[in-house]
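Working notes, beginning with the structure itself.
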Amino acid sequence: MDNKYETIIGLEVHTQLDTKSKIFCSCSTEFGSEPNTNTCPVCLGLPGTLPVLNKKAVDYLIITGLALNCEIAFYSKFDRKNYFYPDLPKAYQISQFDLPLAKNGYIKVETEEGIHRIGITRIHLEEDAGKLIHEGSIDQSSGSLVDYNRTGVPLAEIVSEPDIRTPEQAREYLNYLKKTLEYLKVSDCNMEEGSLRCDANISLRLHGNKKFGTKVELKNMNSFKAIEKALAYEQKRQRKMLENDKKIVQETRTWDENKSKTISMRGKEEANDYRYFPEPDLVPLEIDEKWKKDIEERLPELPAVKRKRFIDEYNLPEYDADVITDSRDLADLFENSVSEYKDAKVVSNWIMGEFLRLINEEKTAIEDTKITGQLLAKMLKMIDQDIISSKIAKTVFEEMFYTGKDPEEIVKEKGLKQISDQGELESLVEKIIDENPSVIDDIKNGKDKAVGYLVGQVMKETKGKANPQMVNKMFKEKIK
Amino acid sequence: MKLYKCSLTELKNMIEEKRVKLQDIHESISYRTTHTDPIIKAYVNKNETYNIDELDQNNYKDTYLKGLPIAIKDNISIEEIKTTCSSKMLEEYVPPYNATVVEKIKEAGGIITGKTNMDEYAMGSSTENSAFFPTVNPWGKNRVPGGSSGGSAAAVAAGMVPVSLGSDTGGSIRQPASFCGVVGLKPTYGAVSRYGLVAFASSLDQIGPLARNVEDIALMMNVITGRDEKDSTCVNRDYPDFTEYLKNDVKDMKIGIPDQYFDIDFDQEVRESVLNAVEKLKKAGAKIERVSLTGAEYALAAYYIIATAEASSNLARYDGVRYGLRAEGADNLKKMFTETRQQGFGEEVKRRIMLGTYVLSSGYYDDFYLKAQKVRTLIKNDFDQLFTDYDLILSPTTPTTAFKIGEKRDPLKMYAADIFTVPVNIAGIPAISVPCGFDQKGLPIGLQLMGAHFKEEKLIQAAFSLEKILNLDIKYPALK
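Below, the structure is given as structure tokens:
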């Protein structure tokens, strides 16, 4: 890429906070309910109703701020952002304007070019709007329907400094953010369900220039990949314009996923004047030291720290540490298991292998599975004690995954106990030797690998229950 | 004795002493209303959900209000009864919930007779801005009852109901009380829940009682004050039994008379009447001194910026999407919004929405809204300072007695009628208007007492004394 221009990117992320009830009323925040069932006079903005702040949403925002190295404002307030739209029942959104709850934070992301620090300007609390629904497409529909279930779901708006320099960094920033929010258990960050949304500002300037170029706002990107693509497209478009001495227009552009390009949506002149002013229906928000401290104490170990600790403490390979710390639930499963079964690498293998395979197959959330670290540890011990074979363990594991049953019980119920009885195995081994004279000849002629085939036959006979080490040893002793 | 002429306190006592039947009271009130309201037009809608014949006073035996009648201003929400705000916009709107004050009245055993007329959305000082019809002042049928709680004041003055609730944003309880020769109290901001009061200016609105004597005001204050979980601006504190303060007198009370208020050019008869009352208070032992207070004209200027700014936002929700009027035939969203609002709002409401939108617009915010907020702080501090030395501050309630219907066509002249009442809302303090005499035309004159935050009991104490000292014969206007 031509290095004449430097790209300046800033991101605005809206993420739904995973509280049980809405930010200003007691309605449920559940996703996917029948339209307009999670509503009440307050979130419908009926005349005379008043908002009452959900303290849990404040807790969630504070913990997010702390995790992203922000200062938490001991005094903040809410403001009204005024605009007309059918999905906004009061015709204003209660948000925070000049005194956000959290500000001046940062995160560090790692890309191929190294570690990069990205500032976080502010994080503020606000309410979500409803959703318009159209029959067929918006152009064909004879009217609009509105679902107000989402109205009043708490949102954190996380605004980055214009510190991002490449679309790749933007993606990494979002990955980091998502992982952190998931670790904090404040948001499920599901872009498909709209619980995480991202707008981007992008401009170009000549390298060495202090002044920013004219920025363009990008909207309507529905995945991290789309964000990266839209930014890359826009970077190219703006560079081309500048190289041809054309002026960049300050505007809002929307990402068209099908055409893979950005399209002008509205210019600067058409931008809304939101007429912010302090929300008179709510008293200012004061966060005392105790409130902040209580939350600070609940701050979990964050992904980057955990990753490093897993490498240092458990000697995990970097790759394993990456995968295992990708989610807090996975990391918890790992650590719970390791606390009772010391070989961390074996635990890691089981989690990265069987466990994630089942997770992917079942498309289920880690927290929804029945398996626990204790159960996994117990099963691993049973392998070591030759009670079950590794192969049988997979069956046991699957059963634990679905039912959460104790491995001992599973083995007993299903009769999966390993056959380690010398006599019983010996007769089986002899039977197989008798049935496979040609294989025996091969082995005698030096084809040692064929022993594996014989062992396999015994395993087949016993439906996997035979102790493979013992069987192997017997074959080797008998065919000499 | 005609029962409709009795005060709430008298009726309560009579019921407790079993000297009267509840049904007879309601019959008398109903009879009076049937014959009077066609002239006065105080009610917008009667409460049709109860039947006098079926009233059983035993059901109210253990309640505070004993099943006695109360009228409610039509901007206070009652479940299943239309709440129109005297606006075409809400002509058919029926709230699905009760305002907190309505809940409190119901719990206290009050029976709501109906919803009273008002200036549309409480914007006005004459009730002429009602979209339906103007209300007539019982003291002169070509005279306005004041506003915006004109219906509530007129209904009480005409004997259609012993007490009513109004709302006061800049004088909307006290000014009509003054014009109609009744008592009206605006409580401290935060003393009475606003939940269910259709908002005009959220930081100034407050619900309060109107009655024919101070005693009834005390009774009603016992019912409506108190914390509400649904209103964050409602203050959590204990309130005294206000009727206890009817025993004391004004002896040794320190009352300030602000020079700046009496320097204003206002009606000579009003001035004489108020000063006459001052003399009588002195004789009764009150310590009365001239004091200096920020000019009321600054409060008036700040008021019409803050109130309109908040109104422009509060009234934005009437867009035809969810409830209330929707303009027919609009073929796109913007048209639906604009035509609905054009058809649904009256002239004064539109004027204030435009004013408010303007003062919040980018580029004007600092010069208008922000400056007005600073003035507000100064005025508040000024009052607070004065109340460290004085129990009460005294002024006229209005510059003139009730003016003629149609007399004030110039909105600025109408706004000037609020000069003495507006500073109270700006400072958030309580104030009461008590009748202190009549002008030569026979129209009532009101005197205003202002108190420190949450010192309603002092207002009640002094107003009750004044009422006794003056002993005016104003119980009923001679309806012609």
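Protein sequence lines, in the order shown, are assigned to chains A and B. The opening position of the first sequence corresponds to residue 148 in my numbering, with each subsequent residue numbered one higher. The opening position of the second sequence corresponds to residue 215 in my numbering, with each subsequent residue numbered one higher. Ideal Cβ placement from N, Cα and C applies to all residues, glycine included.
Starting from the beta carbon of residue i, find every residue of chain A whose beta carbon is closer than 9 Å, and list them in chain order.
i	result
residue 637 of chain B	Those do not exist, as residue 637 of chain B stays about 18 Å from chain A at its closest Cβ, beyond 9 Å.
residue 445 of chain B	197, 199 and 428
residue 553 of chain B	Those do not exist, as residue 553 of chain B stays about 13 Å from chain A at its closest Cβ, beyond 9 Å.
residue 547 of chain B	231, 232, 233 and 291
residue 291 of chain B	188, 193, 194, 195 and 196
residue 408 of chain B	195, 197 and 428
So, are the CB atoms of residue i and residue j less than 8 Å apart?
i	j	result
residue 155 of chain A	residue 457 of chain A	no
residue 508 of chain B	residue 452 of chain B	no
residue 410 of chain B	residue 312 of chain B	yes
residue 229 of chain A	residue 527 of chain B	yes
residue 527 of chain A	residue 494 of chain A	yes
residue 389 of chain B	residue 612 of chain B	yes
residue 330 of chain B	residue 369 of chain B	yes
residue 569 of chain A	residue 612 of chain A	no
residue 374 of chain B	residue 243 of chain B	yes
residue 423 of chain B	residue 225 of chain B	no
residue 379 of chain B	residue 229 of chain B	no
residue 307 of chain A	residue 233 of chain A	no
residue 586 of chain B	residue 516 of chain B	yes
residue 525 of chain B	residue 593 of chain B	no
residue 394 of chain B	residue 348 of chain B	no
Any beta carbon from chain B within less than 8 Å of residue i's own beta carbon?
i	result
residue 489 of chain A	no
residue 431 of chain A	no
residue 229 of chain A	yes
residue 194 of chain A	yes
residue 413 of chain A	no
residue 323 of chain A	no
residue 447 of chain A	no
residue 455 of chain A	no
residue 317 of chain A	no
Apart from the five residues just before and just after residue i, which ones in its own chain have a Cβ nearer than 7 Å to its Cβ?
i	result
residue 414 of chain A	396 and 398
residue 338 of chain A	369 and 370
residue 336 of chain A	162, 325, 328, 329, 342 and 343
residue 579 of chain A	601, 604 and 605
residue 615 of chain A	536, 602 and 606
residue 251 of chain A	217 and 218
List the DSSP bridge partners of residue i.
i	result
residue 606 of chain B	B:469 and B:665
residue 424 of chain A	A:227
residue 520 of chain B	In the DSSP output, where bridge partners are listed per residue, residue 520 of chain B has none listed.
residue 163 of chain A	A:302
residue 337 of chain B	Paired residue(s): none; residue 337 of chain B is not in a bridge.
residue 346 of chain A	A:159
residue 240 of chain A	A:228
residue 240 of chain B	Residue 240 of chain B pairs with nothing; no bridge assigned.
residue 652 of chain B	B:658
residue 249 of chain A	A:219 and A:270
residue 352 of chain A	A:153
residue 508 of chain A	Per DSSP, none; premise fails for residue 508 of chain A.
Quick one: what's got a C-beta closer than 8 Å to residue i's C-beta in the same chain, skipping five residues either side?
i	result
residue 186 of chain A	174, 295, 296 and 298
Can you check whether the C-beta of residue i is within less than 8 Å of a C-beta belonging to chain A?
i	result
residue 417 of chain B	yes
residue 181 of chain B	For chain B, the structure presents residues 215 to 694; residue 181 of chain B sits outside this window and is missing.
residue 527 of chain B	yes
residue 586 of chain B	no
residue 345 of chain B	no
residue 523 of chain B	yes
residue 530 of chain B	yes
In chain A, which residues lie less than 8 Å from residue i when you measure between Cβ atoms?
i	result
residue 412 of chain B	194 and 195
residue 533 of chain B	231, 233 and 238
residue 571 of chain B	422
residue 583 of chain B	424
Find the residues of chain A that neighbour residue i, judging by a C-beta separation of less than 7 Å, and give them in chain order.
i	result
residue 574 of chain B	422 and 424
Starting from residue i, find everything on chain B with Cβ-Cβ shorter than 8 Å and list it in chain order.
i	result
residue 191 of chain A	536
residue 167 of chain A	Ordered by position in chain B, no residue passes the 8 Å Cβ test against residue 167 of chain A, which lies about 18 Å from the chain.
Grab me the residues of residue i's own chain with a C-beta within less than 6 Å of its C-beta, minus the 5 sequence neighbours each way, in chain order.
i	result
residue 491 of chain B	650 and 661
Check the Cβ of residue i against every Cβ in chain B and list those closer than 7 Å, keeping chain order.
i	result
residue 188 of chain A	310 and 311
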